[in-house]
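Quick note: our numbering has the sequence shown finishing at residue 114, numbered continuously throughout.
Heads up, the beta-carbon is just placed ideally off N, CA and C, and yes, glycines get one too.
Since we're looking at a predicted model, the values are computed, not measured.
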Amino acid sequence: MVLALANSESNHQLVVCADKQMLAERAKHLGIDVDLIDYDADAKPQPHTKGTLVVDHIPMAAPAVIGELNEANGHYVLKTLERAAQGCLSDEFGAIVTGLCIKG
């Protein structure tokens, strides 16, 4: 779902807290052309550019497999939420939008 943001329009910078390799694999699988840009916390925020996603890379513990729950990545999900929350608390980010979470 987050990959759909790449083709949206926004006057704000959109930062995705996720595993960059996982996003690249999903984009390829779905046939979505997206340029994944590394997030730089020290750079001035820029408005979103169509066809791109700014990614604050948080590595997964194990590769994701579509449709399969992997308990090894449970802490990964928590790390992405923690990073986003810390970003909001420090005024680095203005909001959090979460994706779907599979609970097993």
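{"Check": "Beta-carbon gap between A53 and A71 smaller than 8 Å", "Outcome": "no"}
{"Check": "Cβ-based burial, I68 [other Cβ within 10 Å; buried from 16]", "Outcome": "buried"}
{"Check": "Identity of the residue in V75, D43, A51 and M32 nearest V25 by Cα", "Outcome": "A51"}
{"Check": "Residues near K60 by beta carbon distance below 8 Å, same chain, minus five either side", "Outcome": "A16, N17, S18 and E19"}
{"Check": "Close-in-space but distant-in-sequence residues of the same chain around A74 (CB under 6 Å, 5 per side omitted)", "Outcome": "M32"}
{"Check": "Limits of the beta strand (DSSP E) - the one that H58 falls within", "Outcome": "Where H58 is concerned, there is no enclosing beta strand (DSSP E), given that its DSSP letter is neither H nor E."}
{"Check": "Candidates D29, I76 and D45: closest to L63 by CA position", "Outcome": "D45"}
{"Check": "Simplified DSSP assignment, three categories, for T108", "Outcome": "coil"}
{"Check": "Span separating the alpha-carbon of L13 from that of A37", "Outcome": "7 Å"}
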